[in-house]
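As structure tokens, this is what we get:
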């Protein structure tokens, strides 16, 4: 008995030292994670690109004397040079279209796979699960042939349509719908609701968690697309902001002030959503992982 | 089931007889968009990649017909030193990024799994880089890596008391890949962190209580409860990180273009260069087939391991 008491008091005695180490590590990690992001926002408010680099080695990187939105004014055009207003708009349009089409199409398919009566649903489901292993990178070359032969080079369609239907999201919807109670479906059938109505008016309103998860995962994925738009866009017309920011690196002397402002423009939409729905974001990413 | 057998004189009722035409057509209509899109944009290119890989298909159509050349592309790839360099580079990258990124994620998750104040705030903060676009991360780290007077060099020189010369992070072939590792781990570790955190929270408290009663200290509980409980999580995290590492592209394409002296050339970058810049789509498709096979093997290993740990 006394032995037990001793052993349980021991960690308590070392608790303070342990706590201190813990707090210091959290603080250091927070510093490493946050300071580069913070610096980005501060630097975007500095006008002089040489001053930005000069400030970087010191604490001045985290302080701005005369904040100015000049950089944003410089890059935020809607046409011509530095048309980041347009690129941001393009990205938002691609994001909105892909996610809204994706929600409808993947959830319809997931619903039929879960509650429909078509023969071969189990087979389709296992094919869809198998398709998930194919990485985008390994189909991108033939996809380039298909899309450019279809005359879709340099269009929004080419950046939206190929990514609307996805094995992962169809499967996530299937999984969510399948665990809803059978009575829900039966009640709708008895009331004479068509299968489309059952999906739209009964199941979809109950699917907020699945809709949020798919929107978030799909949104992040679409927003961060880089390889595909580089291959498929040639002009400003449909160029997303990610590709446009990368062009800063092609120059001999990089305009860091402009690059920083453009980067902040690209970060803000995601950041706003993240701050508003942080819990959803994290549980979505966890949810995408535990499908085994 | 019993309803089926009581229906007289019908061998098996077809779907249409059972649910009627309207319902049947509606179901087809709801399933078809996803199936058609996946067939056109996923299955077709996938199947096509195996065919294109065995042709001399160019990117822009030429008057001369596309010829079937068998396994020549594959032979050429396997005889290209640059391909082996790129494969070695992504392997090197993987071997670096696994301990750095997963280790950092694991330690952070362990800390956040304790009852520390503001732990949800910290979790949200640490996940922030994971939702930041890689292009933006490249802008940020592009400035951090400045040579010779960037912030990282400032830290290195100050901490070493001036004994270490400033490092040309992205320009020195010996450092370039390691710099890419640092940036990549910083960007992505939040994802592994929340996966570990979820895994840790899935371990029942009773196990810890039982271990405590058995006299296990902090270290003993970690070693005999936390670690065994996280086995499937470890497998998942290691596999997903490895697959991601083999697909390394964006940061390299933006910051180093595979250089200096091919020290950061990767398989995907090699593929894009062949297909897009040199316009040899057949050749690039052959690379993509090889990439798929690599990912497939890793995924199959994961399945094996997961099954072993779950049963």
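Protein chains in written order, with my numbering: chain W, 3 to 294; chain P, 3 to 313.
Beta carbons: idealized from backbone N, C-alpha and C, even for Gly.
Since we're looking at a predicted model, the values are computed, not measured.
Do residue j and residue i come within 8 Å of each other at the CB atom, strictly closer than that value?
i, j, result
"residue 284(P)", "residue 54(P)", "yes"
"residue 71(P)", "residue 58(P)", "yes"
"residue 115(W)", "residue 20(W)", "no"
"residue 42(W)", "residue 142(P)", "yes"
"residue 192(P)", "residue 131(P)", "yes"
"residue 113(W)", "residue 179(W)", "yes"
"residue 301(P)", "residue 202(P)", "no"
"residue 197(W)", "residue 122(W)", "no"
"residue 128(P)", "residue 31(W)", "yes"
"residue 284(W)", "residue 196(P)", "yes"
"residue 253(P)", "residue 185(P)", "yes"
"residue 286(W)", "residue 195(W)", "no"
"residue 219(W)", "residue 109(W)", "no"
What's the C-alpha gap between residue i and residue j?
i, j, result
"residue 12(W)", "residue 117(P)", "Low per-residue confidence applies at residue 12(W): pLDDT is 45, beneath 50, and the placement is therefore not dependable, though the value from the model is reported in the following sentence. Distance between the alpha carbons of residue 12(W) and residue 117(P) is about 19 Å."
"residue 160(W)", "residue 234(W)", "7 Å"
"residue 274(P)", "residue 172(P)", "21 Å"
"residue 71(W)", "residue 51(W)", "14 Å"
"residue 150(P)", "residue 169(P)", "7 Å"
"residue 125(W)", "residue 38(W)", "48 Å"
"residue 80(P)", "residue 279(P)", "20 Å"
"residue 209(P)", "residue 49(W)", "58 Å"
"residue 214(P)", "residue 222(P)", "9 Å"
"residue 33(P)", "residue 199(P)", "36 Å"
"residue 183(P)", "residue 167(W)", "32 Å"
"residue 24(W)", "residue 256(P)", "37 Å"
"residue 216(W)", "residue 217(P)", "45 Å"
"residue 288(W)", "residue 303(P)", "22 Å"
"residue 3(P)", "residue 15(P)", "Caution is warranted here: a pLDDT of 44 is assigned to residue 3(P), below 50, making its placement in the model unreliable, and no coordinate value can be reported."
"residue 76(W)", "residue 241(W)", "18 Å"
"residue 107(P)", "residue 307(P)", "21 Å"
"residue 170(W)", "residue 101(W)", "14 Å"
"residue 27(P)", "residue 183(W)", "25 Å"
"residue 133(P)", "residue 19(P)", "50 Å"
"residue 44(W)", "residue 139(P)", "15 Å"
"residue 246(P)", "residue 143(W)", "19 Å"
"residue 294(W)", "residue 134(W)", "Note that residue 294(W) scores a pLDDT of 40, beneath 50, so its modelled location is shaky; the value from the coordinates is reported in the next line. Cα-Cα distance, rounded: 12 Å."
"residue 259(W)", "residue 73(W)", "6 Å"
"residue 52(P)", "residue 298(P)", "15 Å"
"residue 165(P)", "residue 53(W)", "27 Å"
"residue 76(P)", "residue 151(W)", "25 Å"
"residue 269(P)", "residue 78(P)", "15 Å"
"residue 228(P)", "residue 18(W)", "22 Å"
"residue 185(W)", "residue 25(P)", "19 Å"
"residue 174(P)", "residue 152(P)", "15 Å"
"residue 199(W)", "residue 193(W)", "11 Å"
"residue 176(P)", "residue 265(W)", "29 Å"
"residue 224(P)", "residue 93(P)", "31 Å"
Can you confirm whether residue i, when its beta carbon is compared against all beta carbons of chain B, has any partner nearer than 8 Å?
i, result
"residue 180(W)", "In the structure shown, chain B does not exist; the protein chains are W and P."
Among the residues of its own chain, which have a CB less than 8 Å from the CB of residue i, if the five just before and after it don't count?
i, result
"residue 296(W)", "As displayed, chain W neither begins before 3 nor continues past 294, which places residue 296(W) out of reach and without an answer."
"residue 178(P)", "171, 172, 258, 261, 262, 265 and 266"
"residue 228(W)", "244, 245 and 248"
"residue 69(P)", "57 and 58"
For residue i, I'd like the list of residues in its chain whose CB is within less than 7 Å of its CB, leaving aside the five on either flank, ordered along the chain.
i, result
"residue 180(P)", "98"
"residue 68(W)", "none"
"residue 40(W)", "64"
"residue 114(P)", "121, 124, 125 and 199"
"residue 33(W)", "none"
"residue 107(W)", "166 and 167"
Which whole-angstrom value describes the C-beta separation of residue i and residue j, a residue pair presumed to lie in contact below a C-beta threshold of 8 Å?
i, j, result
"residue 268(W)", "residue 145(P)", "So it is not a contact: roughly 16 Å between Cβ atoms."
"residue 277(W)", "residue 39(P)", "The pair is not a contact, with the Cβ atoms about 33 Å apart (cut-off 8 Å)."
"residue 225(W)", "residue 93(W)", "7 Å"
"residue 95(P)", "residue 250(P)", "6 Å"
"residue 2(P)", "residue 281(P)", "A query on residue 2(P) cannot be resolved here, the shown segment of chain P reaching from 3 to 313 and no further."
What does a CB cutoff of less than 6 Å around residue i pick up in its chain, not counting 5 residues either side in sequence?
i, result
"residue 256(W)", "250"
"residue 55(W)", "none"
"residue 148(P)", "none"
Inset, instruction - Spell out a yes or no on whether the region 127-138 of chain W and the region 184-197 of chain W are touching, meaning 3 or more CB-CB pairs, one atom from each, closer than 8 Å. - result: Short answer: they don't touch.
Legend entry - Three or more C-beta pairs below 8 Å linking the region 75-92 of chain W and the region 238-250 of chain W: yes
Inset, instruction - Could you tell me whether the region 200-212 of chain W touches the region 134-141 of chain W, using the rule of 3 or more Cβ pairs below 8 Å? - result: Using a C-beta cut-off of 8 Å, the region 200-212 of chain W makes no contact with the region 134-141 of chain W, since fewer than three inter-stretch Cβ pairs fall below that distance.
Legend entry - the region 102-122 of chain P touching the region 83-90 of chain P, judged by at least three CB pairs closer than 8 Å: Not touching, per the Cβ criterion.
Legend entry - Stretch-stretch touch, CB-based, cutoff 8 Å, three pairs: the region 153-160 of chain P with the region 262-279 of chain W: no
Legend entry - the region 223-243 of chain P contacting the region 286-293 of chain P, beta-carbon criterion three pairs below 8 Å: no
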